[in-house]
Each structure stands twice: as structure tokens, then as C-alpha cells.
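Here the protein sequences line up with chains A and B, keeping their order.
At position 102 of the first sequence (counting the first as 1) the number is 102 in the working numbering, and the numbers step up by one without a gap.
Going from the second sequence to the working numbering is simple: count from 1 and add 168.
See structure below.
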Amino acid sequence: MLTTPSIAEVIEGIQISLARDILPEVRSANAQTCVVMIQGLLQTIAQRVPVETQLMAVEMNEMTATLRDIASLLGEASGSAADSIRSRAQELGSRADLPPIPSYEEVNGGHRELSQGIVDTLDDLDALLRDGNANAEGALARLRQHIAPRTLQEFAIYTVGAGMAGRG
Amino acid sequence: MEEQLRQFLARQWPDADEIEIEEFAIIAGGYSRETYRFNASVRRGAVRDSMPMILRKDPPVAAAILQTSREMEHNLLHRVKEHTGIPVSHSHFVENDPVTFGERAMLIERVHGSGEPSLLFHGGANESQAESVATHLCELLAELHLSDVSKLNPAGELNDPRNEGIDVSSWTRYMETTFAYYLKSYERMAFAPIPVFYDGFLTLRRQKQRELPLVLCHGDFNPSNFLYENGRVTALIDWENSHVGDPREDLGWLALMDFLTNTNILGSVKEDGGFLQHYNKLTGFNVTQEEVGYFSMFSGANIGIPVISAVRRRLSKEHDGLLNLYMLLPVIQSQMVFFQCLGYPMPTAGGA
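What follows is the structure, encoded as C-alpha cells:
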């Protein structure tokens, strides 16, 4: 998939346009407040998306450990509440830890480097094809086998209804 | 802006006793230029005329999707009007001094007619006009491609309007120099690696087509660039990307944009069996569907390069306009045309 621009960059562009193109044209105080609220909500999305998966994974691992620790700290306490905590620690606290999820920057950088490798390979295959290399056609077909699904994914992500805005 | 317009027109029409700018409003939907509509109310003695006009103005350079010349467009509109039967707006004035309107601009006649192609299709209010409008559009395209290039382009300024080293001394040289331009441009436009476009550019160069005469291409012959009324096209508009090229470029671009804008120009002609057949009968070019696909990629690259370059300038924060961010959508959607033309395999269940 195309990782540039990032979600944060797109949201920043929307926020700039809301402030510069939309807000000055909005007449009612209520609608102006709505725009400001939208700005705030967009900002939370921009801040949440790059870290959400990593934070969830880290917190899941911490929660399982915490549930186990709580049960352990209670020791031999009796009663239904204590039983319930021990049961929960056994059920939820026994989940295996998730492996660390790489940061957005790390995945994005790696993805970009590999994608450039795909483009460079297209260049080399083109040279081989023009030289008449018998195997290059099959190699290009294999490369396209990789490019095809990612192109379809991008199309699905970037299609938001028929037509182009403002074009009648 | 109204006062700037009034003063400009007063300088152009010194015989006018009074000039007023009325009903001034921006026209939404122009992606490459800023366009405004207004009526110039001009009094000369006891006679008052109201002239419907459009101010067509360049955006700031960094935000411009297409870097084109208003003067070239102004001159071309005059020549098309003079040497062909193709309906176009009269171009009144061109202003190359950016001080007057903030950027270079031209003032053209506002032609009557609807600019809403979507109303022609999918149950729209003007659906009954679709066939006749699409047929007329086809005939106008054929007329343009059969027009004498030397009359429309007497000084050769449309041979290489972007100054990218395009050589129109022969069809073969035109194609070779255009492929070189596309491949050279990839590096400066790719804001991220985009394999399908690069694959397309390389494939275009490897799979050369049969030769056709070089003609004047409209250059942006898409469903949003004509006006219509009562089943007829009243004007072909937006000639800013016109250039000498292969006639199949306009057909390919129309096919691509018909797909992207969810219109159905190509499917609405019945005469001679369809748009392409009717065009072929009129021109004798015998263009095949496969060639239209090839030139969808070719013309997609032609317009895509400046558009994607503009997106890149936005992403590198040379400016902060919304349009160039929004242009990501059609840019990425247009990959599907390359996908189809290159014959990419549809993924099977379970992956490759």
C-alpha cells in the first residue's frame, strides 16, 4: 500500500483547509463551534492512529501480568470476590504475551525501502527484456503477481464514491 | 477582484463610458485554474451591453497542477475559432502581468450550456440528450484531429509546450522523446515508490504502436471539458494542455476519465456501432480498443506527471492547498487503468 502521505499528514491538510477555507465562510455560531469540535476530533485521530496498535499490544501484555499479580497478592484470601479474581487471573491472565509490534516509523521505513527495491527491479527487468532475455518475461509476471493485489488494495482504500468532487 | 476587473476592462475598452462588474462568483470544480464568472455591463453612450465572461486565472506556481501558458491558450482559442467549426469560447484578453490579478489570467466569453456531464447518465435529468451529445462530441474530436496542424500551430509553440525536449519531427521521434520525458519525470514526481506507474512507463516504451499522423490533441479531452445544450455540444473548453501528438491520446484520456468520473460518453454513441467506430469512420484512423487502452496509459502519464508532481510539492509542504491532497484519490484510482492495460493478474484466493 501507499504509505505516503501518512494519516497524520492527511488530517493536517484537512485541518488547514477547515481553518482557512471553511471557517471564515461559516456564519452561524453553532456551525463555527462544530468546525472547532471537528478540528479537535481530527487532532485526536492524528495522534491516536500511529500509536494505537502498539499501545493496545503493550497494554494487553501489561493487563495479563497485572491480573496475575493481583491474584498472587491476594494469597489465600477466601470469598466469592477473591475466587472471582483468581478465576479471572487463570482465564485472562494466562494469555500468551503478544510479540512487540514495530513502530509506525520502523514499518513505514522498511516498506518504503522494499517498494523502491521493487521499482528498481522493474528497471532491471526492462533492460533484460529489451536485451531479449528469455527468462525476464516470467520474472516480470512474478513481480506483477506481487504488485497486482497491492494495487487493488490501494484502489479500494482510495475510492470513496463515484466521480470527482466539484466536476458536475 | 471586481474592482481589478473593472479597471482592467476600462484599460482594454477606452471607448466605454462606464463598466460595471455584476454577479461575480467563483466557479467550483476547475482543478487546474481558478475560474470566476461575471457579467461585464458596458455602457457606450446610450447603449448598454451585458457580456457574460469568465476570468481564468493561474493558481500560485507551487500549487499549480498544470504549468501552462494563458497566452498560448488565448492564441489557440482564436485559431480554433478561425480555422475549424469546433465551438469554443471567444478569448477576449490575456493578461501576462501577474500584478493585475495576482497571477497570469485570461478573460474569455462565458458560453451557454450545461457543464454537468453527470446529468447525462445514470438516470440524470438530461439523460435523453446523452446519445446526441456524445455523438456530437465524437464528431468534434474527429474534426479536431483532421484539422490542419500548421494552421492551429503556425509557430510551433504546441510542439513541446512544457519544454521537455519533445521532438515532433516524426511520429517515431515524438514517441521516443515522450517516453524519455516520462521516465525522467518519474524520479521527480514519485512522492513514494509507485511500482504500477513505473511498470506502465517502461511497458509503454517496450510496446510501441503503429504510426499515425501527428495531430493537434486537445490534451484534456475529458467529460468535464465540454458544455452542452439541447443535445449538442456548445463548447469544448480547457485547451491549456493542447499539444501536437498522437490522436489516440485524446481517445485514451477520454476512456480513462470516463471511468474515473463515472460517466459513459464512450458507451452512449450508437451511430456506426459506437464511439470508436464512428470516430474511425470519420477519420479513417482505424483505432482499435487495444490501442485506446495503450493510449489511456500514455495520456494518463502525460497528465499524471504534472498532477503527481503537484501532489508531491504539496506533500513536501511547498504549499498547503487542499486540492493537491485530494488529487491523491484520482491519482491512485487511475492506477487501475494501468492495472487493466498491463494485464495484471487478478489475485486468487489464498494469494500468489
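C-beta: ideal position from N, C-alpha, C; glycine also.
Residues of its chain near residue i, where Cβ-Cβ distance is below 8 Å and the 5 sequence neighbours each way are ignored
i, result
"arginine 212 of chain B", "Asp183, Ala184, Asp185"
"threonine 516 of chain B", "none"
"leucine 522 of chain B", "Nothing about residue 522 of chain B can be reported from this structure: the residues present for chain B run from 169 to 520 only."
"isoleucine 38 of chain A", "Leu18"
"glutamine 172 of chain B", "Thr268, Phe269"
"arginine 480 of chain B", "Arg356, Met357, Ala358, Phe359"
"alanine 348 of chain B", "Gly333"
"isoleucine 11 of chain A", "Leu42, Gln43, Ile45, Ala46"
"valine 499 of chain B", "Gly472, Val475, Ile476, Val479"
"isoleucine 157 of chain A", "Met1"
Limits of the beta strand (DSSP E) - the one that residue i falls within
i, result
"lysine 438 of chain B", "Per DSSP, lysine 438 of chain B belongs to no beta strand (DSSP E) and is neither H nor E."
"arginine 400 of chain B", "400-404"
"isoleucine 118 of chain A", "It is not in any beta strand (DSSP E) - isoleucine 118 of chain A instead sits in the alpha helix (DSSP H) that spans 104-130."
"leucine 384 of chain B", "383-385"
"phenylalanine 176 of chain B", "Per DSSP, phenylalanine 176 of chain B belongs to no beta strand (DSSP E); it is in the alpha helix (DSSP H), 170-180."
"glycine 324 of chain B", "Careful: glycine 324 of chain B lies outside any beta strand (DSSP E) and carries neither H nor E."
"glutamate 307 of chain B", "Counting along the chain, glutamate 307 of chain B falls outside any beta strand (DSSP E), though it belongs to the alpha helix (DSSP H) covering 298-314."
"isoleucine 233 of chain B", "Neither: isoleucine 233 of chain B is in no beta strand (DSSP E) and is coded neither H nor E."
"glutamate 186 of chain B", "186-195"
"valine 412 of chain B", "411-413"
Residue(s) in a DSSP beta bridge with residue i
i, result
"proline 220 of chain B", "B:Asn207"
"isoleucine 254 of chain A", "Residue 254 of chain A cannot be examined here, being either before or after the span of chain A that is shown, 1 to 168."
"methionine 201 of chain B", "Reading the sequence as shown, one finds arginine at residue 201 of chain B and not methionine. Looking at the DSSP assignment, arginine 201 of chain B forms no beta bridge with any residue, so it has no partner."
"tyrosine 396 of chain B", "B:Ser282, B:Val401"
"arginine 212 of chain B", "B:Val215"
"lysine 225 of chain B", "B:Glu202, B:Ala273"
Beta-carbon separation (whole angstroms), residue i vs residue j, contact threshold 8 Å
i, j, result
"leucine 380 of chain B", "phenylalanine 453 of chain B", "6 Å"
"alanine 478 of chain B", "glycine 368 of chain B", "At roughly 19 Å, the Cβ-Cβ gap does not stay under 8 Å, so alanine 478 of chain B and glycine 368 of chain B are not in contact."
"arginine 86 of chain A", "alanine 71 of chain A", "5 Å"
"leucine 320 of chain B", "valine 248 of chain B", "7 Å"
"glutamate 408 of chain B", "leucine 234 of chain B", "6 Å"
"valine 364 of chain B", "valine 317 of chain B", "Between valine 317 of chain B and valine 364 of chain B the Cβ distance is about 33 Å, and since that is not below 8 Å, they are no contact."
"glutamate 417 of chain B", "serine 353 of chain B", "Actually they are not in contact, since the Cβ atoms of glutamate 417 of chain B and serine 353 of chain B sit about 16 Å apart, beyond 8 Å."
"leucine 287 of chain B", "valine 301 of chain B", "Contact doesn't hold; Cβ gap of about 10 Å is too wide."
"glutamate 311 of chain B", "isoleucine 276 of chain B", "Going by Cβ atoms, the distance from glutamate 311 of chain B to isoleucine 276 of chain B rounds to 21 Å, so no, they are not a contact pair."
"serine 563 of chain B", "leucine 424 of chain B", "Any property of residue 563 of chain B remains undetermined from this structure, which presents chain B solely from 169 to 520."
Limits of the unbroken alpha helix (DSSP H) element including residue i
i, result
"arginine 150 of chain A", "136-158"
"histidine 290 of chain B", "Looking at the DSSP string, histidine 290 of chain B is not in any alpha helix (DSSP H), and its letter there is neither H nor E."
"tyrosine 447 of chain B", "443-451"
"glutamate 241 of chain B", "238-251"
"glutamate 62 of chain A", "29-74"
"valine 505 of chain B", "503-509"
"phenylalanine 427 of chain B", "416-428"
"glutamate 295 of chain B", "It is not in any alpha helix (DSSP H) - glutamate 295 of chain B carries neither H nor E in the DSSP assignment."
"glutamate 91 of chain A", "80-91"
Sequence-distant residues of its chain with Cβ nearer than 7 Å to residue i (five each side left out)
i, result
"histidine 280 of chain B", "Glu397, Thr402"
"glutamate 239 of chain B", "Val262, Asn264"
"histidine 411 of chain B", "Leu326, Pro329, Cys385, Gly387"
"alanine 136 of chain A", "Leu125, Leu128, Leu129"
"glycine 117 of chain A", "none"
"asparagine 30 of chain A", "none"
"histidine 313 of chain B", "Val383, Pro415, Thr451"
"valine 35 of chain A", "Leu18, Ile22, Leu23, Val26"
"leucine 308 of chain B", "Ile254, Val401, Leu404"
"tyrosine 104 of chain A", "Pro50"
"proline 5 of chain A", "none"
"isoleucine 14 of chain A", "Leu42"
Own chain partners of residue i with C-beta closer than 6 Å, once the 5 adjacent residues on each side are dropped
i, result
"glycine 519 of chain B", "Summary for glycine 519 of chain B: the model assigns pLDDT 48, below 50, so the residue's position carries little reliability, and this model does not support an answer."
"glutamine 54 of chain A", "Ile101"
"tyrosine 350 of chain B", "Phe369, Ala469"
"glycine 93 of chain A", "Thr64, Leu67, Arg68"
"phenylalanine 389 of chain B", "Asp418, Trp421, Leu422"
"alanine 148 of chain A", "none"
"alanine 193 of chain B", "Arg205"
Item to complete: At 4 residues or longer, and completely inside the segment 257-288 of chain B: list those alpha helix (DSSP H) runs for me, N to C.
Response: DSSP runs (the alpha helix (DSSP H)) wholly in the segment 257-288 of chain B: 266-269.
Item to complete: Run through the segment 329-370 of chain B for me and flag every whole alpha helix (DSSP H) of 4 or more residues, listed as ranges in chain order.
Response: 339-357
Worksheet item: At which residue ranges does the segment 473-501 of chain B contain complete alpha helix (DSSP H) runs of 4 or more residues, listed in the order of the chain?
Response: 491-494, 496-501
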